[in-house]
Structure formats: structure tokens, C-alpha cells
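Here the structure comes first, spelled out in C-alpha cells, and everything after it is commentary.
Protein chains in written order, with my numbering: chain A, 1 to 281; chain B, 1 to 159.
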């Protein structure tokens with residue numbers, strides 16, 4: 001008995017070593033499999049607040065660029081208002097002529113939220129970014145994230161006020177897309193160049209050309225359809241030769257993201273429940 | 001304690017954000033582990049390493065990866081340090097150029113740091129097909145961190 005105790009005391013550093021490494025490995029495995037390890041990520045409120053303070057300071061350095069983008073955007077919006085005014089006048093004329101009631105269809109299927117990116121990485125195989133909106137603002141896991149240029153990614157895990165987003169630049173990310181409104185396929189990243197991602201399993205019976213636009217297909221209830229992703233840049237045979245693999249030049253510049261929009265389907269729960277009920281049978 | 005907080009803030013807000021050529025990232029909190037006195041126990045070293053690692057992980061969204069690598073490096077630090085300790089040294093000393101001379105300190109630091117990075121990138125990439133990236137990243141990051149360790153030696157206040 002004494003010998004065993006002595007042995008344990010003498011080698012106590014081994015047990016501490018195994019304990020600490022054990023905790024680390026549990027964290028590694030958990031974070032890859034579950035969405036519950038929020039505490040150990042930048043969605044943790046202390047970390048999130050530090051990042052958001054730093055990003056406030058950094059924000060001042062980009063004011064000049066931001067201003068010019070906003071001015072440009074304003075100009076475009078003003079132009080649009082003008083053209084819409086013109087059209088409205090036309091329609092009012094024709095409507096009063098025909099004496100018909102004008103029916104405006106409201107699209108209430110999706111709800112949009114604006115958020116600021118407080119942390120962003122692009123240099124790992126599995127990148128993540130953190131945004132400053134969370135459960136309190138109605139953000140949850142599995143919601144689409146995009147900006148004015150195109151698709152950015154899908155929300156991964158949320159705390160009260162912060163959310164970690166899995167961008168296209170993550171080897172575990174898979175976004176369902178369509179090409180030319182007809183072909184449906186999956187977008188995956190190979191972990192190398194942040195400007196390009198890959199469409200896998202493109203069917204051979206379709207004809208694709210470089211420059212074809214890739215957009216979201218709206219099947220998964222994460223994204224509405226027709227949010228731009230990128231353009232086909234290079235076509236090649238897949239490894240097994242059964243289908244095409246296309247390199248896609250992404251519209252979004254991931255090294256420069258500031259404001260993003262989060263889109264949530266108001267009917268997502270209903271759709272998921274329905275689809276889930278089929279799987280159970 | 002003050003050093004701990006300052007090093008951590010510098011690590012997560014500055015150094016972890018810089019990826020030189022996409023391969024090399026300096027993890028400067030390892031300096032803290034290297035500079036702890038000779039007689040620091042293994043347990044104490046590992047707790048420091050784990051704390052540094054886990055907090056860096058929280059900021060980098062890599063739960064467990066930095067902490068696993070730092071704990072392992074802390075575990076192997078004392079045996080490696082013993083190999084470079086010669087008889088002229090006092091019983092308990094702070095590892096550094098002053099006590100160990102350039103050659104001894106650099107080699108000691110380089111071995112510890114490369115153990116850290118080899119583990120870090122193995123855990124991060126976790127696939128044999130990234131072997132080339134793993135080797136380049138390990139060597140690149142080790143060299144970059146060694147640069148900061150050498151610079152830090154010049155700025156250590158002389159007593």
C-alpha cells in the first residue's frame with residue numbers, strides 16, 4: 001500500500017500532464033462535433049467584448065474607405081429611387097386608367113439582421129469569424145450570413161450577444177448552390193487559396209462555361225435563393241472521372257469583411273420539422 | 001501576474017492575428033515558459049502552459065489545440081533544460097543568455113519551441129495530406145518565434 005502511495009506521489013506530474021492533455025483533447029473533439037463548446041470560443045462574452053473594443057479602435061483606420069463606399073452606395077440608391085419613381089408614375093397612370101387595385105406582395109419568408117464582424121481569420125484550414133449579434137438579437141445556429149458582394153457562410157454557435165460564423169473558408173463548410181438556375185451542387189473549400197472554392201459533383205450532361213454565375217439555391221432554408229456566390233473559373237474532371245469539379249472565383253473578399261447581413265427563415269422550424277418527420281418513419 | 005496578462009494580450013490581439021506568408025505565426029507566450037526559474041516544478045510549468053494555451057484558444061476559436069501543445073512543451077521543458085545546464089551554474093537560475101550563454105539558450109529554446117509547434121500544427125491540420133504544410137509551418141513559425149526570443153534577450157533589463 002505504502003509503495004503504491006509513494007509511487008503515486010512521486011509521479012504526480014504524470015497525472016497532471018494526462019489530466020491537462022485530456023481536457024485539451026476533449027475540447028478539440030467536442031468543438032468539432034457539437035455546438036455546445038461556446039464557452040471556449042470567441043462567442044464567450046469576455047473574449048467577444050475585448051474583440052469588439054479592439055475592432056472599435058481599428059474601425060477608425062478604415063473610415064476613409066468606408067466613407068467612399070457609403071457615398072457610392074448612396075449614389076446608387078438615389079439613382080434607384082429616381083428610376084423607381086419614374087416607374088411608379090407610369091404604373092399609377094396605367095392603374096388609374098384600368099381602374100384596377102394594385103396588389104403588393106409582401107415577402108415575409110425571411111428576416112434580415114445587420115451585424116458587425118469583430119474577429120476574422122483567413123489563414124487556417126478551418127477559419128471562423130465572430131459577429132456582434134447573438135441569441136438576444138434573434139440569431140441562432142444555422143442561419144445564412146452574406147454581405148453586399150455575396151455569400152459569407154453559416155452561423156455556427158451563438159451566445160447572448162455574439163455569434164461564431166463558419167465561413168466558406170472552412171474545410172467543414174458545405175453550401176448548396178446552383179449554376180445557371182438549373183444544376184444543383186455543393187460548394188466546398190480545399191483549405192488553400194482564400195479567393196477560390198470548389199463545386200463538386202457537377203453532372204456531366206450539363207454544359208458549363210467559365211464565367212457562369214453560381215448562386216444559392218434556397219433549398220436548405222438557410223439562404224433564400226439567388227444570393228450570389230461567385231463565378232466558375234476553371235473546370236476539371238473529378239478524381240473518379242464521374243463528374244466535373246469546378247473552381248469558383250468567390251465574389252466576397254474574405255480578408256476585408258466588416259458589415260454582414262444575417263438571414264433567418266421565419267418558416268425554417270416548420271420546414272425542418274416536416275423534413276425530420278419523414279426521416280423518422 | 002502582470003507579465004502574464006501583458007504577454008497574453010500581446011499574443012491574442014497582435015501576434016495571433018499575423019500569419020507571415022500564410023505559414024508562420026509567432027506564439028510569444030512560450031517565452032514565459034522558457035524563462036521560468038530552473039527549479040520551477042513540472043506541475044507549475046504545466047499549469048502556466050495550460051492557462052496560456054486555453055486563453056489563446058478562446059480568442060482563436062481553436063479549443064484545446066494551443067493548450068495541448070503548451071502543456072506538452074511545459075512537460076518536456078525541465079529535462080531539456082537539464083541537458084544544457086553545466087556545472088558552473090548556480091543551483092537555481094533563470095534560463096537566459098546571461099546564465100546559459102548564447103549557444104546554450106538558443107538551442108534549448110529552439111528544441112522547446114519546435115516541440116510546441118510540431119504538436120500545434122499536427123493537432124490543427126490533423127491529416128497526413130497536409131504533411132508539407134505541417135513541416136513548413138512548424139519550421140517557419142519556430143524561426144519567427146526564435147527571432148522574438150532573441151530580440152527579447154536584448155531588452156531584458158540587466159541586473
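Glycine residues also receive a C-beta, built at the ideal position from the N, C-alpha and C atoms.
Under a 10 Å Cβ-count criterion, residue 90 of chain A is classified as exposed, with fewer than 16 other Cβ atoms of the shown protein chains found around its own Cβ. For residue 84 of chain A, there are no CB contacts under 6 Å within the same chain when 5 residues up- and downstream are skipped. At least 8 Å separates the beta-carbon of residue 246 of chain A from that of residue 169 of chain A. Excluding its 5 nearest sequence neighbours in each direction, residue 140 of chain A has C-beta neighbours in its own chain below 8 Å: 155, 158, 264, listed in chain order.
It is roughly 12 Å from the alpha-carbon of residue 16 of chain A to the alpha-carbon of residue 41 of chain B. With a cutoff of 8 Å on beta-carbon distance, residue 33 of chain B and residue 77 of chain B are scored as near each other. Relative to residue 242 of chain A, the option among A:213, A:180, A:205 whose CA is nearest is A:205.
Listed in chain order, the alpha helix (DSSP H) runs fully inside the region 37–62 of chain B are 42–60, counting runs of at least 4 residues. Just measuring C-alpha positions, the residue of B:85, B:56, B:79, B:89 sitting nearest residue 24 of chain A is B:56. The region 107–121 of chain A makes contact with the region 50–59 of chain A: 3 or more CB pairs, one atom from each, lie closer than 8 Å.
By the rule that beta-carbons nearer than 8 Å mark a contact, residue 13 of chain A touches chain B. Close to chain B, meaning a Cβ-Cβ distance shorter than 7 Å, are the following residues of the region 126–139 of chain A: 128. Residue-level contact by beta carbon holds for residue 64 of chain B and chain A, with a gap shorter than 8 Å. Inter-residue distance for residue 129 of chain A and residue 22 of chain A is about 27 Å (C-alpha atoms, whole angstroms). In this structure, the straight-line span from the alpha carbon of residue 54 of chain B to that of residue 109 of chain B is close to 22 Å. The C-beta of residue 209 of chain A comes no closer than 8 Å to any C-beta of chain B. Under the 8 Å Cβ criterion, the region 130–138 of chain B does not count as touching the region 3–14 of chain B, having fewer than three qualifying pairs.
Residue state for residue 44 of chain A is assigned as coil, using DSSP reduced to three classes. Residue 98 of chain B has a beta carbon lying at 8 Å or more from every beta carbon in chain A. Listed along chain A is no residue with a C-beta nearer than 7 Å to that of residue 85 of chain B; the closest approach is about 19 Å. The beta carbon of residue 74 of chain B sits closer than 6 Å to those of 33, 45, 46, 49, all from its chain and outside the five residues before and after it, given in chain order.
Going by C-alpha positions, residue 30 of chain A is about 17 Å away from residue 173 of chain A.
By alpha-carbon distance to residue 229 of chain A, the top candidate from A:151, A:279, A:50 is A:151. For residue 21 of chain A, the chain B residues whose C-beta falls within less than 8 Å of its own C-beta are 68, 71, 72, listed in chain order.
When the Cα atoms are used, residue 145 of chain A and residue 132 of chain A turn out to be separated by approximately 13 Å. Taking C-alpha positions only, residue 262 of chain A is separated from residue 114 of chain A by approximately 6 Å. Put simply, of A:188, A:183, A:232 the residue whose alpha carbon is nearest the alpha carbon of residue 218 of chain A is A:183. At a C-beta separation below 9 Å, residue 54 of chain A has these neighbours in chain B: 13. Distance from the CA of residue 64 of chain A to the CA of residue 66 of chain B, rounded to the nearest whole angstrom, comes to 37 Å.
Note on the region 95–175 of chain A: whole beta strand (DSSP E) runs with a minimum of 3 residues are 110–120, 129–131, 144–146, 151–158, 163–167, in chain order. Taking a contact as a CB-CB distance under 8 Å, the pair residue 125 of chain A and residue 191 of chain A counts as one, their CB atoms being some 4 Å apart. Distance from the CA atom of residue 91 of chain B to the CA atom of residue 81 of chain B, rounded to whole angstroms, is 13 Å.
Taking 8 Å as the CB threshold, residue 39 of chain B stays off the interface with chain A. Looking at B:37, B:39, B:38, B:59, the one whose alpha-carbon comes closest to that of residue 10 of chain B is B:59. When secondary structure is reduced to three states using DSSP, residue 260 of chain A falls in the strand class.
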